[in-house]
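Student:
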Amino acid sequence: MSPFVQIELLPLGKVLRVKRGTPLPDALFAQGVEFPCGGRGRCRGCKIKVLAGSLPITAEEKRKLSPAELDAGWRLACRGRAEGDLKIELAQWEAAILTDHSALDFTPQPGWGLAVDLGTTTLVAQLVDRQTGSVLGVRTALNAQAQHGADIMSRIEFALDGSHQGVLEHLTRQQIGALAADLLAERAADARPLESVIVVGNTAMHHLFCGLSLEPLALYPFEPASPGRQQFDAAQLGWDLPGNPPVQFLPCLGGFVGSDILAGLLATRLPQSERLAALIDLGTNGEIVVGNRERLLCASTAAGPAFEGARIAMGMRAATGAIAGVRVQNGRLQCRVLGNAAPRGICGSGLVDAVAAGLSLGWIRPNGRLANGDSLPLAGPVALNQRDVRELQLAKGAIAAGLRILLEQWGATKADLSQVFLAGAFGNYINHASARRIGLLDFPADQVRPAGNSALLGAKLALFDPPGHDHDYAAIRAKIRHVSLNEDERFQEIFAEEMLFPPD
Ligand code: FES
């Protein structure tokens with residue numbers, strides 16, 4: 007028997023190799039997992055879900071977790087030891103999921119509605135009163151499909167390899183149905199009929215939820231076979247919801263650009279804009295839209311996971327001990343560490359800041375080479391290595407190249423953009439000055455506007471469509487053209503140029 011075991015962490019996709027019998031806190035603390043009661047089994051704050059392998063149930067867990075939670079595989083990390091290989095999901099990651107509480111501009115409708123943003127990694131559901139527009143309840147969760155691959159391509163691979171598509175479809179439908187039932191149960195005392203459920207997500211999520219073949223997305227030219235709006239009733243999805251409400255998955259825009267971006271367009275009103283504007287979703291799969299009320303261009307680009315702190319040697323989520331900000335003071339680096347704790351790693355916003363600061367001090371050259379050896383020390387044991395800088399260059403190069411090509415095809419330049427909306431969690435937390443310094447978003451600060459969870463906001467707006475009418479999805483789709491960046495013969499050249507950092 008090997009003296010070592012593996013612990014796979016989702017949704018990070020990180021695999022740890024530890025000595026058999028290692029207490030889980032010892033392995034997980036270094037990954038940013040917090041133990042609020044100091045590991046005494048009293049607070050439930052260290053909840054993990056065992057997806058593969060086994061962790062015996064302890065007496066504390068029987069006291070702190072319900073029988074349903076224990077049956078579903080939930081355990082307390084502070085009570086466990088890695089006696090064998092494990093695949094686990096970290097509940098603490100749920101807290102970082104961006105929801106939306108923006109004011110809505112709506113025409114009141116009867117009953118309640120449910121808006122769902124089905125992301126590759128996370129999902130958010132909000133129950134909304136369609137009379138008042140108020141949010142009655144929110145649920146966030148890690149996408150249950152994540153146990154079969156962290157990113158879209160590995161999910162597609164799993165679906166097509168051995169006909170597992172039904173497994174992913176079932177997981178997603180079941181998870182959203184359970185969240186819906188849970189939200190309704192919470193408000194059972196003042197229940198109103200659920201009149202509409204709107205789901206948005208990228209093209210792969212659209213196809214997986216709707217039961218459409220993923221094959222076209224795995225093959226050139228990577229265009230969806232059935233990108234349109236899909237309609238169901240709850241029972242068709244296996245959901246036992248009162249009144250059997252209609253469920254719609256909004257249409258995709260082309261390639262991997264899905265209805266999450268369509269919803270973002272509804273939320274930002276970009277298709278009504280007189281002036282040229284852009285919507286950028288900074289994630290592992292970066293999506294970009296450029297246009298105005300006349301016409302719109304969209305594209306998606308594989309940016310890699312660096313913005314999320316993944317594939318970075320000391321990368322971690324934005325949790326206690328993460329370097330989340332770096333600035334230059336008197337020629338030295340000053341690091342802001344989350345949670346008033348010793349530094350243990352670096353998250354996405356810290357990475358962008360650290361590279362921006364390194365460039366300003368001349369410690370990183372415009373071509374990305376570290377100027378003083380193969381490491382850039384930040385604080386305590388945390389340092390960047392050459393590969394970390396390269397990962398960020400790949401991510402920022404992909405986004406900047408995509409934006410440049412869309413602007414060129416539109417017949418415009420960056421200077422013509424009146425506003426740049428940043429969708430998603432990372433867009434919310436990134437330091438704009440640093441993003442500008444590394445050449446990711448080369449715009450004056452007042453032009454860049456975090457749009458929050460614009461996908462969820464757009465889905466909520468669609469809940470207020472009166473029967474028989476809808477937001478003019480067809481008009482938006484008629485106005486938008488999907489640009490396949492792979493087909494642009496200059497993409498590789500522009501990508502290589504955009505990987506460079508701007509000189510001082
Ligand atoms: S850290 Fe509090 S229950 Fe585990």
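For our numbering, count along the sequence shown from 1 and bump the result up by 6. Each residue gets a CB set at the ideal place from its N, CA and C atoms; glycine is no exception.
Along the chain, which unbroken stretches of the alpha helix (DSSP H) at least 4 residues long are found entirely within the stretch 411-475?
Tutor: Counting whole runs of 4 or more residues, the stretch 411-475 contains the alpha helix (DSSP H) stretches 430-435, 438-443, 460-468.
Student: I want to check one thing, is the minimum distance from the CB of F41 to the heavy atoms of ligand 1 below 7 Å?
Tutor: What you label residue 41 is simply residue 35 of the sequence shown in a count that begins at 1. At least one heavy atom of ligand 1 is nearer than 7 Å to the Cβ of F41, so yes.
Student: Quick check on DSSP: helix, strand or coil for R393?
Tutor: Mapped onto the sequence shown, residue 393 falls at position 387. Note: R393 maps to helix in three-state DSSP.
Student: Just verifying my parser: in three-state terms, what is the DSSP assignment at A147?
Tutor: By one-based count along the sequence shown, residue 147 stands at place 141. Residue state, collapsed to three classes: strand.
Student: Give me the Cα-Cα distance between G433 and A319, rounded to the nearest whole angstrom.
Tutor: Residue 433 sits at position 427 when you count from the first residue of the sequence shown. Residue 319 sits at position 313 when you count from the first residue of the sequence shown. Each residue's Cα considered, the two are about 22 Å apart.
Student: If we call anything under 8 Å between Cβ atoms a contact, is L285 one with L272?
Tutor: What you label residue 285 is simply residue 279 of the sequence shown in a count that begins at 1. What you label residue 272 is simply residue 266 of the sequence shown in a count that begins at 1. It is not a contact, given that the beta carbons lie outside the stated cut-off.
Student: Within a Cβ cutoff of 7 Å, which residues of the same chain sit near C526, ignoring the five residues on either side of it in sequence?
Tutor: The displayed coordinates of the chain run from 7 to 510. Any statement about residue 526 would go beyond what the structure contains.
Student: Please state whether the Cβ-Cβ distance between N437 and V358 is less than 8 Å.
Tutor: The sequence position of residue 437 within the sequence shown is 431, counting from 1. The sequence position of residue 358 within the sequence shown is 352, counting from 1. Yes. Within cutoff.
Student: Could you name each continuous alpha helix (DSSP H) segment of 4 residues or more that falls completely within the stretch 171-219, going from the start of the chain to the end?
Tutor: DSSP runs (the alpha helix (DSSP H)) wholly in the stretch 171-219: 171-192, 209-216.
Student: If we ignore side chains and look at the alpha-carbon of each, how far apart do Q340 and A363 end up?
Tutor: Working through the sequence shown from its first residue, we reach residue 340 at position 334. Working through the sequence shown from its first residue, we reach residue 363 at position 357. Roughly 10 Å between the two C-alpha positions.
Student: Does DSSP classify R519 as helix, strand or coil?
Tutor: It is not possible to answer for residue 519, since the shown part of the chain is limited to 7 through 510.
Student: Pull the bridge partners of F10 from the DSSP assignment, please.
Tutor: The residue given as residue 10 occupies position 4 in the sequence shown. Paired residues: K25.
Student: Quick one: what's got a C-beta closer than 7 Å to L110's C-beta in the same chain, skipping five residues either side?
Tutor: Your numbering for residue 110 matches position 104 in the sequence shown. Correct list, in chain order: G139, K466, L467.
Student: If you count every other CB in all the chains shown that lies within 10 Å of the CB of A101, and 16 or more means buried, which is it?
Tutor: Walking along the sequence shown from the start, residue 101 turns up at place 95. Unreliable placement is indicated for A101, whose pLDDT of 42 sits below 50; no coordinate value is reported for it.
Student: Give a single yes or no on whether G51 has its beta carbon closer than 7 Å to a heavy atom of ligand 1.
Tutor: On the sequence shown, position 45 is the one that residue 51 refers to. The answer is yes for G51.
Student: For Q570 and A150, I'd like the C-alpha separation in whole angstroms.
Tutor: What the structure shows of the chain is the stretch from 7 to 510, and residue 570 is not part of that stretch, so it cannot be assessed.
Student: Going along the chain, which residues of its own chain have a beta-carbon closer than 7 Å to the beta-carbon of P230, five neighbours each way excluded?
Tutor: Working through the sequence shown from its first residue, we reach residue 230 at position 224. Excluding sequence neighbours, P230 sits near T209, H213, P222, L223, C258.
Student: Would the C-beta of G445 count as close to ligand 1, meaning under 7 Å from any of its heavy atoms?
Tutor: On the sequence shown, position 439 is the one that residue 445 refers to. Outside the cutoff, so no.
Student: Under the criterion of a Cβ to heavy atom distance below 7 Å, does A533 qualify as lining ligand 1?
Tutor: Outside the shown range of the chain (7 to 510) lies residue 533, about which nothing can therefore be said.
Student: Going by Cα to Cα distance, which pick from F427, L220, L282 is closest to E293?
Tutor: Looking up residue 293 in the sequence shown gives position 287. Selected option, being the one with the closest Cα: F427.
Student: Hey, how far is the Cα of V21 from the Cα of G464?
Tutor: Within the sequence shown, residue 21 is the residue found at index 15, counting from 1. Within the sequence shown, residue 464 is the residue found at index 458, counting from 1. Distance between the alpha carbons of V21 and G464: 36 Å.
Student: So what does H488 bridge to, in DSSP terms?
Tutor: As a position in the sequence shown, residue 488 is number 482, starting the count at 1. DSSP, once it has assigned bridges, lists C304 as partnering H488.
Student: Thinking just about the alpha-carbon of each residue, which of L15, G234, R136, R179 is nearest to the one in P116?
Tutor: The residue labelled residue 116 in the question sits at position 110 within the sequence shown. Answer by Cα proximity: R136.
Student: Could you tell me the alpha carbon to alpha carbon distance between A484 and N492, rounded to whole angstroms?
Tutor: Within the sequence shown, residue 484 is the residue found at index 478, counting from 1. Within the sequence shown, residue 492 is the residue found at index 486, counting from 1. Roughly 22 Å separates the two Cα atoms.
Student: Consider the C-beta atom of R48 and the heavy atoms of ligand 1; say whether any pair is separated by less than 7 Å.
Tutor: The residue you call residue 48 lines up with position 42 of the sequence shown. Yes, since a heavy atom of ligand 1 falls inside the 7 Å radius drawn around the Cβ of R48.
Student: Under the criterion of a Cβ to heavy atom distance below 7 Å, does A117 qualify as lining ligand 1?
Tutor: Walking along the sequence shown from the start, residue 117 turns up at place 111. First, the residue type needs correcting, since residue 117 is Gly and not Ala in the sequence shown. G117 Cβ: outside cutoff for every heavy atom of ligand 1.
Student: Rounded to whole angstroms, what is the Cα-Cα separation between A389 and R487?
Tutor: One-based indexing of the sequence shown puts residue 389 at position 383. One-based indexing of the sequence shown puts residue 487 at position 481. So the two alpha carbons sit approximately 43 Å from each other.
Student: Is T516 helix, strand or coil when you go by DSSP?
Tutor: In the structure displayed, the chain extends from 7 to 510; residue 516 sits before or after that span and is not available.
Student: How should P472 be labelled, buried or exposed, when 16 other C-beta atoms within 10 angstroms of its C-beta is the threshold for buried?
Tutor: The count along the sequence shown starts at 1 and reaches residue 472 at position 466. It counts as exposed.
Student: Classify R69: buried if its beta carbon has 16 or more other beta carbons within 10 angstroms, exposed otherwise.
Tutor: Within the sequence shown, the letter at position 63 stands for residue 69. R69 should be labelled exposed.
Student: Can you give me the C-alpha to C-alpha distance between L190 and L133, rounded to a whole angstrom?
Tutor: Along the sequence shown, read from residue 1 onward, the residue named residue 190 stands at position 184. Along the sequence shown, read from residue 1 onward, the residue named residue 133 stands at position 127. Using only the alpha carbons, I get a separation of about 8 Å.
Student: For L413, which residues of its own chain have a beta-carbon under 7 Å away from its beta-carbon, when the five flanking residues on both sides are left out?
Tutor: Residue numbering aside, residue 413 sits at position 407 when the sequence shown is read from its first letter. Excluding residues within five positions, the ones whose Cβ falls inside 7 Å are V296, T419, K420.
Student: Are there 16 or more other CB atoms within 10 angstroms of the CB of E300, so buried, or fewer, so exposed?
Tutor: Residue numbering aside, residue 300 sits at position 294 when the sequence shown is read from its first letter. Exposed: under 16 other Cβ atoms inside 10 Å.
Student: Nearer than 7 Å: is that true of the beta carbon of P45 relative to any heavy atom of ligand 1?
Tutor: The sequence position of residue 45 within the sequence shown is 39, counting from 1. This sequence places Gly at residue 45; Pro is not what is there. Yes - ligand 1 has a heavy atom lying nearer than 7 Å to the Cβ of G45.
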